[in-house]
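For the sequence shown, the UniProt record's numbering assigns the number 1 to the initial residue and increments by one for each residue that follows.
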Amino acid sequence: MRRILSFRDFDWALLLMVLALCGISLIEVHSTTMHTRFASFESKQMLFIAGGVAGMFILAKIDYHRLLDWAPWAYGIFLVSLVLVKLIGHKVMGARRWIGIGPVQFQPSEWVKLVLVLVIARYFANLGARNLTWSDIFKAFAMVGIPMILVLIQPDLGTTLTYAPILIAGLFLGGISFKQAAILITCFLVLAGGVWSSGKLLKPYQKARLTSFINPANDPRGSGYQINQSLIAVGSGGIWGKGTEKGTQTQGYFLPIPYTDFIFAAFSEEHGFVGAVFVLLLYFLVLMRLIQNAQTAADLSGSLIIMGIVAVLTFQILVNVGMVIGLMPVTGIPLPLMSYGGSSVLFTFLALGVAMNVRMRRFVN
């Protein structure tokens, strides 16, 4: 029986949880920038969120099968944009990651994540539920590997790493065998060891960041500074926290970039263990709701799309939270929906819009 598409099928509970995280973000961005020259950042963040919500509703109305048809074209366009970033991109702190479009700074590498989700979902859905051949696997690696290399040379190691979960989710759901997975993991470890020892692909500061989390006390004023200050902030929050706008590490400018990469550390200092657990619970509920929507999708491509989005968001949450508590290296990966930044916020909302799209069409033939 055909069911008419309606926003009654929209996942309003998921949107409510997402907006709760955005509300927390606005409070914390205001708190972390109120005594600096960045005092208006919460207003900009509010505009990013409003634009993201509007984009989410727009994408929810466009049939995701049409988006899958457009995905190869979008993939080509964004590959060109990544090349342009290297050639004419705006340089900040030694890295070219943005292209200026009038007064707006556009970061293509963030948007590539959504394009890759669609491209990989389309690829494995077309293969169908069957055992993957090595040719199938290598083609998937090429599709993800090319943009990874282009982003890595910007250099932007953090964003590069966020592409990997999309490929892994596609391979897992696409039917990779245990033997194939074991061979790939072994090859990856050997390759990673070779890249590390060669010292040619990673910049010295990137290698320092990757190793400093093991023992940040070895260089407390250099590569270990960010992790040390983050750990102090998280630990000083105690059970209930010091209160909004009262975090000494945050307000004293000890915690680096507290409104972006280390916003969870700033929030933990001001709202304590209870506040941190509440935020993590919200993230857990958002991810579980998305997985539930993937299970009810009308076809394999819909499930692959949502699980690709889940893979990216889960990876970003785990790495960012792990980073601020010293369990993961500092890689510059933002915390979804909480870290300040237009590209990150818009990507997350547009990705959620596509997930809503799949949910709304679960009963439509």
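Every residue, glycine too, gets a C-beta built ideally from N, C-alpha and C.
Boundaries of the alpha helix (DSSP H) around Asn293: Ile263 to Gln295. Between Ser268 and the set Asn126, Ile232, Thr296 and Leu300, the nearest pair of CA atoms involves Ile232. Check the Cα spacing between Glu245 and each of Asp9, Phe10, Glu28 and Ala20: the tightest is with Glu28. Per DSSP, the continuous alpha helix (DSSP H) segment holding Val324 begins and ends at Leu300 to Val324. Straight through space, the alpha carbons of Ala355 and Arg289 are spaced by roughly 10 Å. Closest in C-alpha terms to Gly76, from the list Leu47, Trp111, Lys44 and Glu270, comes Trp111. In the DSSP assignment, Phe138 falls within the alpha helix (DSSP H) that extends over Trp134 to Leu152.
Between Asn357 and Leu335, the CB-CB gap reaches or exceeds 9 Å.
Of Ile166, Ser31, Phe10 and Met143, the smallest CA-CA separation from Tyr259 is found for Ser31.
Collapsing the DSSP output to three states places Arg361 in coil. For Tyr259, no alpha helix (DSSP H) encloses it, and the DSSP letter there is neither H nor E. By the neighbour-count criterion, in which 16 or more other beta carbons inside 10 Å mark a residue as buried, Asn126 falls on the exposed side. In the DSSP annotation of this structure, the continuous segment of the alpha helix (DSSP H) that includes Glu110 starts and ends at Pro108 to Leu127. A contact between stretches requires three or more CB pairs, one per stretch, nearer than 8 Å, and the stretch 134-154 meets this requirement with the stretch 78-85. In this structure, Ile239 is the residue among Ser303, Leu327, Met323 and Ile239 with its C-alpha nearest to the C-alpha of Val274.
Cα atoms of Lys242 and Met307: separation of roughly 37 Å, rounded to the nearest angstrom. Ranked by how close their Cα comes to the Cα of Gly23, the residues Val345, Gly175 and Gly252 have Val345 in first place.
In this structure, DSSP gives Phe57 a helical state, which the three-state scheme calls helix. In the three-state scheme derived from DSSP, where H, G and I count as helix and E and B as strand, Met328 is classed as coil. Considering only Asp11, Leu184 and Thr162, the residue with the shortest C-alpha distance to Phe172 is Leu184.
With fewer than 16 other beta carbons inside 10 angstroms of its own, Ser135 counts as exposed. When C-alpha distances from Ile333 are compared across Phe124, Thr159 and Ala20, the shortest belongs to Thr159. In the structure shown, Pro72 falls within a helical segment according to DSSP collapsed to helix, strand and coil.
Going by beta carbons, Phe315 and Thr186 fall outside the 9 Å limit. Just so you know, the alpha carbons of Gln249 and Phe188 end up roughly 39 Å apart. If you compare the alpha carbons of Ile88, Asp69, Gly145 and Ser109 with that of Ala121, the shortest gap goes to Asp69. Comparing alpha carbon positions, the residue from Gly193, Pro329, Glu42 and Ile317 closest to Tyr225 is Pro329. Remark: C-beta atoms of Ala142 and Gly170 do not approach each other more closely than 9 Å. Scanning its chain for C-beta atoms nearer than 8 Å, with the 5 sequence neighbours on each side dropped, one finds around Lys86 the residues Arg96, Leu150, Ile153 and Gln154, in chain order. Relative to Ile168, the option among Leu157, Phe138 and Gln45 whose CA is nearest is Phe138. Taking 8 Å as the upper bound for CB-CB distance, Ala71 and Leu118 are in contact here, some 4 Å apart. The distance from the Cβ of Met360 to that of Ala54 is about 17 Å, inconsistent with a contact at the 8 Å cut-off. Leaving aside the five residues that flank Val286 on each side, the residues in its chain whose CB is nearer than 8 Å to its CB run, in chain order, Leu14, Met17, Val18, Leu21 and Leu313.
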